[in-house]
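Chemist: Starting off with a structure, shown below.
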Amino acid sequence: MDSSSVQESTQQRSLRDRIFNLFRTSSSNDAPGLPARLVATESAAQNEGSAIIYPPREPDARTRLLESYDRGERGRRNYGDHGTFSSRPEQEDIQKWDVSSLQNAGNEERPQLPGEADGHIGPPSDASGYPQGPENIPPLDSSFTSLHMTNHKSLYISYYIPFFNWITQYRWSYIRGDLIAATTIASIYIPMALSLSSNLAHAPPINGLYSFVINPFIYAIFGSSPLLIVGPEAAGSLLTGTIVKSSVGPGPSGEDDEAANAMVVGIATAMAGAMILIAGLTRLGFLDNVLSRPFLRGFITAIGFVIFVDQLIPEVGLTDLAKEVGVSHGTTVDKLVFLIRNIGDCHALTTAVAFGSFAIIMVFRTLKKMLQPRYPQVIYLPDRILVVILSAVLTWHLGWDEKGLEILGPLKQNADGLFTFRWPFQFSQMKHVRAAMSTSFVIALLGFFESSVAAKGLSGEARQEGVQGMPVSANREMVALGLANTVGGCFMALPAFGGYARSKVNASTGARSPMSSIFLSVITLVCIIVLLPYLYYLPKAVLSSMISVVAFSLIEECPHDLAFFIRLRGWTELVLMLLIFVSTIFYSLELGIALGIGLSILILIRHSTQPRIQILGKIAGTTDRFENAELHPESVELIEGALIVKIPEPLTFANTGELKNRLRRLELYGSSRAHPSLPPTRTPEHNKNIIFDVHGVTSIDGSGTQVLYEIVDGYADQGVSVFFCRVATRNVFRMFERSGIVERCGGITHFVHGVDEALRLAESEDQIDI
3 MDSSSVQEST QQRSLRDRIF NLFRTSSSND APGLPARLVA TESAAQNEGS AIIYPPREPD
63 ARTRLLESYD RGERGRRNYG DHGTFSSRPE QEDIQKWDVS SLQNAGNEER PQLPGEADGH
123 IGPPSDASGY PQGPENIPPL DSSFTSLHMT NHKSLYISYY IPFFNWITQY RWSYIRGDLI
183 AATTIASIYI PMALSLSSNL AHAPPINGLY SFVINPFIYA IFGSSPLLIV GPEAAGSLLT
243 GTIVKSSVGP GPSGEDDEAA NAMVVGIATA MAGAMILIAG LTRLGFLDNV LSRPFLRGFI
303 TAIGFVIFVD QLIPEVGLTD LAKEVGVSHG TTVDKLVFLI RNIGDCHALT TAVAFGSFAI
363 IMVFRTLKKM LQPRYPQVIY LPDRILVVIL SAVLTWHLGW DEKGLEILGP LKQNADGLFT
423 FRWPFQFSQM KHVRAAMSTS FVIALLGFFE SSVAAKGLSG EARQEGVQGM PVSANREMVA
483 LGLANTVGGC FMALPAFGGY ARSKVNASTG ARSPMSSIFL SVITLVCIIV LLPYLYYLPK
543 AVLSSMISVV AFSLIEECPH DLAFFIRLRG WTELVLMLLI FVSTIFYSLE LGIALGIGLS
603 ILILIRHSTQ PRIQILGKIA GTTDRFENAE LHPESVELIE GALIVKIPEP LTFANTGELK
663 NRLRRLELYG SSRAHPSLPP TRTPEHNKNI IFDVHGVTSI DGSGTQVLYE IVDGYADQGV
723 SVFFCRVATR NVFRMFERSG IVERCGGITH FVHGVDEALR LAESEDQIDI
């Protein structure tokens with residue numbers, strides 16, 4: 003060995019000794035004097051040039067970081083690889099460390115501390131397995147602290163008002179794509195807005211256009227999904243129409259009172275917006291997971307069918323006759339029967355225009371789907387606006403309006419002009435507010451769910467260009483949609499929410515930022531001011547055919563879901579879909595809504611209130627691995643004289659009601675699936691020791707703690723020993739302490755780290771009793 007190597011080795015040893023002496027002297031308050039055995043071990047190790055092995059000792063705040071570099075590898079090996087129900091390594095094995103690891107201390111990434119894989123950080127200082135004292139709290143990283151101390155106000159403002167986030171990223175190169183996308187959306191959905199307002203919501207057609215002026219603009223400022231386009235939807239418009247029909251009667255001339263209808267539409271929109279706004283401010287964004295997919299599919303399919311049947315009446319020219327007979331407010335079945343009985347009275351020209359328009363739109367729709375993969379430019383083809391222009395020109399040129407074809411006519415505006423402000427929550431309108439309460443809630447819930455699905459779908463697509471760094475937040479989405487609809491309701495606009503189809507078109511036609519929504523608002527405003535007079539000769543049958551296309555798109559997704567649930571044999575989901583569909587078709591939308599929400603909540607409650615406790619058995623040939631005895635009966639062995647129960651979930655008032663009964667069934671039969679009428683297969687001798695594996699109990703409320711205390715207290719009265727292993731969190735252990743569970747089950751010694759440790763402790767106590 004050359005002199006340089008010897009010198010380097012000497013320097014490393016000297017550095018190692020200085021570091022060790024520093025930490026040993028700094029820890030003198032905790033350990034005033036080193037044991038003689040430790041000094042002898044250190045001297046012998048230094049003489050032999052080997053690593054120094056220290057006996058187990060609780061590290062202090064200074065030495066814990068250095069100790070972790072060696073203990074981390076051992077912690078990963080022992081904790082990261084053990085089975086779900088395996089015991090933890092002995093404490094002595096965990097706390098050994100050597101000085102050789104100090105040479106690389108600080109030069110590598112911090113490894114995983116022992117027990118982190120199980121939710122425990124640092125070495126346990128008591129039987130609960132948790133370090134105690136404020137010195138165990140790691141200091142905040144300086145970079146993390148500085149991040150939150152620098153420009154935090156601007157960061158918060160940009161987060162809650164995303165406009166300040168994306169506007170700073172905006173580039174002039176984005177304008178072309180945003181403008182083309184907005185123009186494409188306008189050409190497709192402006193005629194749709196007219197149809198939804200006049201045919202489904204029973205409001206003046208211009209109110210549907212208000213939804214494309216106000217709502218996209220406000221959402222562009224507050225929304226967290228940059229490419230989401232909000233606007234009126236078929237389901238929300240139909241539900242709004244039910245509110246209008248039930249709240250407003252015919253005017254003095256016997257015709258619909260459009261001013262009153264528009265006011266009720268504004269009330270419904272503002273109420274839906276206020277509800278979803280309050281939900282967002284109170285952080286109820288999780289509500290989009292409450293409604294089950296079968297409920298939504300069944301209800302949306304029913305809405306599509308209702309819309310399709312409703313539009314058949316104006317498409318065949320039987321609107322006036324339906325009003326005379328009184329079928330307009332009837333059920334879908336009544337309308338079907340009416341159509342069948344009066345099929346001979348259909349107006350031929352109206353039927354031809356409606357069915358021809360429907361066929362043209364469907365052909366274009368199918369061709370776009372077929373050609374878009376090879377020719378993406380076909381998405382720019384404004385098929386609906388072409389149908390609108392062509393039908394209006396033909397009606398004007400051929401005089402179809404004089405032959406009985408109903409036309410849109412002059413678009414009536416409010417007496418006070420465009421965009422008249424009306425506060426929807428006036429005291430004089432409380433009657434309409436009360437009538438619209440329940441349906442507005444459903445409008446808000448369905449609209450938010452559809453918007454959430456669209457936003458998540460768009461966020462999952464990788465975008466190379468456009469604004470970045472705008473994570474989708476359910477709560478912020480609620481606030482944005484709530485503000486947009488509340489303000490829109492003040493101007494009597496239709497309810498407007500995000501739609502995946504038009505948002506996908508927006509992204510496919512070149513949109514790069516929320517500026518496309520702002521451009522859409524401007525384009526719609528220009529159309530209202532300039533182009534509306536040219537729609538005088540637009541046939542109403544064409545508007546109905548456009549709505550029928552939307553209804554068809556709502557229905558066509560149902561067969562795929564039906565086939566999926568049939569393949570899974572999901573009979574519960576299929577029955578739920580059928581009940582909602584049938585109740586909506588044969589009775590009313592309100593009954594379908596109430597039934598669907600009620601059944602979804604009942605299924606959710608039933609699922610959440612079932613305790614999922616398991617009986618564990620030891621895997622054959624091992625001493626420290628335990629698995630579910632019901633899932634693996636062929637490979638596990640039940641422990642004689644002990645019942646090992648795993649509780650794999652948090653305990654709350656909801657799922658502890660049946661905990662005693664399920665536990666009693668395990669005591670008698672060794673299985674939670676056994677029928678209680680059968681004779682018991684286990685005797686009290688089999689249950690002398692009860693071991694609870696509570697690693698899955700990450701939280702517990704007062705009711706759950708009380709039930710668990712009653713169970714432990716009952717076992718203690720019977721002379722049964724109770725043990726708890728793998729307590730998940732410090733808060734759970736504190737609840738055990740405060741409730742008296744720790745004391746009642748025999749003290750803190752009955753709280754151990756593993757099932758095998760509890761078995762050894764139970765065996766030793768049995769021997770002492772003998």
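Just so you know, the sequence shown maps onto residues 3 to 772 in the working numbering.
In this text, a Cβ means the ideal position worked out from N, Cα and C, and glycines have one as well.
(1) Going by CA-CA distance only, name the one from Gly238, Leu601, Ile363, Val266 that's closest to Lys247.
(2) Quick check: the region 574 to 587 against the region 387 to 397, are there 3 or more CB pairs under 8 Å?
(3) Specify, as a first and last residue, the run of the alpha helix (DSSP H) that Glu260 falls within.
(4) On the CB-based measure, 16 or more other CB atoms within 10 Å of its CB, does Arg73 come out buried or exposed?
(5) Which same chain residues, not among the five before or five after Glu669, have their C-beta less than 7 Å away from its C-beta?
(6) Determine contact between the region 299 to 309 and the region 521 to 538, defined as no fewer than three beta-carbon pairs at a distance below 8 Å.
(7) In whole angstroms, what is the alpha-carbon distance linking Pro650 and Pro613?
(8) In chain order, which continuous runs of the beta strand (DSSP E) of length 3 or greater are located wholly inside the region 394 to 452?
(9) Using C-beta distances below 6 Å, list every residue in its chain close to Lys370, excluding the 5 sequence neighbours before and after it, in chain order.
(10) Below 7 Å CB to CB, which residues in the same chain sit around Lys346 once its five sequence neighbours on both sides are set aside?
(11) How many Å lie between Gln428 and Ala354 at the Cα?
(12) Can you tell me the Cα-Cα spacing of Ala183 and Leu383, whole angstroms?
(13) Measuring alpha carbon to alpha carbon, tell me which residue in Thr700, Gly419, Ile305, Lys620 is nearest Arg736.
(14) Is the region 188 to 205 in contact with the region 483 to 491, if contact means three or more CB pairs nearer than 8 Å?
(15) State yes or no: is the C-beta of Leu496 within less than 8 Å of the C-beta of Gly306?
(16) Report all residues from its chain with a CB closer than 8 Å to the CB of Asp336; omit the five preceding and five following residues, and keep chain order.
(17) Rounded to whole angstroms, what's the CA-CA distance from Arg178 to Ile525? Just pull it up for me.
(18) What three-state label does DSSP hand Val552 in the structure shown?
(19) Can you grab the Cα-Cα spacing for the pair Ala718 / Val292, in whole Å?
(20) Secondary structure at Lys648, three-state DSSP: helix, strand or coil?
(21) Could you tell me whether the Cβ of Asn630 comes closer than 8 Å to any Cβ of chain C?
(22) With which residues is Asn630 paired in a DSSP beta bridge?
(23) Along the chain, where does the beta strand (DSSP E) that runs through Ser723 open and close?
(24) Under 6 Å Cβ to Cβ from Gln171, same chain only, skipping five residues before and after it: list those, please.
(25) Give me the Cα-Cα distance between Pro541 and Asn477, rounded to the nearest whole angstrom.
(26) Please classify Ser550 as buried or exposed, where buried requires at least 16 neighbouring CB atoms within 10 angstroms.
(27) As a quick exercise: from Gly672, Arg627, Ser475, Gly659, pick the residue whose alpha carbon is nearest that of Glu642.
(28) Inspect the CB distances between the region 652 to 661 and the region 601 to 613 and report whether three or more fall short of 8 Å.
(29) Enumerate in chain order the residues of its own chain whose CB-to-CB distance from Leu710 is below 7 Å, with the five nearest sequence positions on each side excluded.
(30) Looking at C-beta atoms only, is the number of pairs between the region 262 to 278 and the region 560 to 577 that lie closer than 8 Å three or more?
(31) Closer than 7 Å by C-beta to Val481: which residues in its own chain qualify, once you throw out the five before and the five after it? Chain order, please.
(32) I believe Ser523 touches Pro218 by the beta-carbon criterion, under 8 Å. Please report the beta-carbon distance rounded to the nearest angstrom.
(33) Does the beta-carbon of Ser555 have 16 or more other beta-carbons within 10 angstroms, so that it is buried, or is it exposed?
(34) Going by the CB atoms, is the gap between Gly233 and Arg504 shorter than 8 Å?
(35) Give the straight-line distance between the Cα atoms of Ala264 and Tyr377, rounded to the nearest whole angstrom.
(36) Could you compute how far the alpha carbon of Ile713 sits from the alpha carbon of Ala676?
Modeler: From the atom records:
(1) For the purposes of this step, residue 247 is identified with residue 245 of the sequence shown, where counting begins at 1. Considering only alpha carbons, the answer is Val266.
(2) no
(3) Looking up residue 260 in the sequence shown gives position 258. From DSSP, the alpha helix (DSSP H) with Glu260 extends over 260 to 283.
(4) Your numbering for residue 73 matches position 71 in the sequence shown. With a pLDDT of 43 at Arg73, under the threshold of 50, the modelled position of this residue cannot be trusted, and the question is left open.
(5) The residue labelled residue 669 in the question sits at position 667 within the sequence shown. If we look at Glu669 and ignore the five residues flanking it on each side, its Cβ neighbours are Leu645, Arg684, Asn689.
(6) no
(7) Taking the first residue of the sequence shown as position 1, residue 650 is located at position 648. Taking the first residue of the sequence shown as position 1, residue 613 is located at position 611. Roughly 9 Å separates the two Cα atoms.
(8) none
(9) Sequence index remark: in the sequence shown, residue 370 carries index 368 (1-based). Cβ neighbours of Lys370 beyond the five flanking positions: Val380.
(10) Looking up residue 346 in the sequence shown gives position 344. Here residue 346 is Gly; the residue named in the question, Lys, does not match the sequence. Taken in chain order, the list of residues that qualify is empty.
(11) If you number the sequence shown from 1, residue 428 lands on position 426. If you number the sequence shown from 1, residue 354 lands on position 352. Those two C-alpha atoms are separated by around 46 Å.
(12) Against the sequence shown, residue 183 aligns to sequence position 181. Against the sequence shown, residue 383 aligns to sequence position 381. Each residue's alpha carbon lies about 12 Å from the other.
(13) Counting from one through the sequence shown, the residue named residue 736 turns up at place 734. Closest by alpha carbon: Thr700.
(14) no
(15) As a working note, residue 496 is residue 494 in the sequence shown. As a working note, residue 306 is residue 304 in the sequence shown. Result no, Cβ atoms of Leu496 and Gly306 do not sit closer than 8 Å.
(16) Locating residue 336 in the sequence shown gives position 334, counting from the first residue. Hits under 8 Å: Val329.
(17) Numbered from 1 along the sequence shown, position 176 holds the residue referred to as residue 178. Numbered from 1 along the sequence shown, position 523 holds the residue referred to as residue 525. Each residue's alpha carbon lies about 14 Å from the other.
(18) Position 550 of the sequence shown holds residue 552. Here Val552 sits in helix by DSSP.
(19) Start at 1 with the first residue of the sequence shown, and residue 718 comes out as number 716. Start at 1 with the first residue of the sequence shown, and residue 292 comes out as number 290. Looking at the two C-alpha atoms, the distance is approximately 41 Å.
(20) Translated into the one-based positions of the sequence shown, residue 648 becomes position 646. Correct three-state label for Lys648: strand.
(21) The structure shown contains no chain C, having only a single protein chain.
(22) What you label residue 630 is simply residue 628 of the sequence shown in a count that begins at 1. Its beta-bridge partners are Leu618.
(23) Taking the first residue of the sequence shown as 1, we reach residue 723 at position 721. Looking at the DSSP string, the run of the beta strand (DSSP E) that includes Ser723 is 723 to 727.
(24) By 1-based counting over the sequence shown, the position of residue 171 is 169. Only Val469 meet the Cβ criterion.
(25) Position 539 of the sequence shown holds residue 541. Position 475 of the sequence shown holds residue 477. Whole-angstrom Cα-Cα distance: 42 Å.
(26) Translated into the one-based positions of the sequence shown, residue 550 becomes position 548. Buried, because 16 or more other Cβ atoms sit within 10 Å of the Cβ of Ser550.
(27) As a first step, residue 642 is located in the sequence shown; it is residue number 640 there, counting from the start. Minimum Cα distance to Glu642 is reached at Gly672.
(28) yes
(29) One-based indexing of the sequence shown puts residue 710 at position 708. The residues are Leu653, Ile743.
(30) no
(31) Taking the first residue of the sequence shown as 1, we reach residue 481 at position 479. Answer for Val481: Phe224, Leu279, Gly282, Leu283, listed in chain order.
(32) Here residue 523 is taken as the residue at index 521 of the sequence shown, counted from 1. Here residue 218 is taken as the residue at index 216 of the sequence shown, counted from 1. The pair is a contact, with the Cβ atoms about 5 Å apart (cut-off 8 Å).
(33) Taking the sequence shown and counting its residues from 1, one reaches residue 555 at position 553. Exposed is the call here.
(34) Sequence index remark: in the sequence shown, residue 504 carries index 502 (1-based). Sequence index remark: in the sequence shown, residue 233 carries index 231 (1-based). Yes, Cβ-Cβ distance for Arg504 and Gly233 is below 8 Å.
(35) Position 262 of the sequence shown, counted from the start, is the residue given in the question as residue 264. Position 375 of the sequence shown, counted from the start, is the residue given in the question as residue 377. Approximately 42 Å between the Cα atoms of the pair.
(36) As a first step, residue 713 must be located in the sequence shown, where it is residue number 711. As a first step, residue 676 must be located in the sequence shown, where it is residue number 674. Cα to Cα, the separation comes out at about 21 Å.
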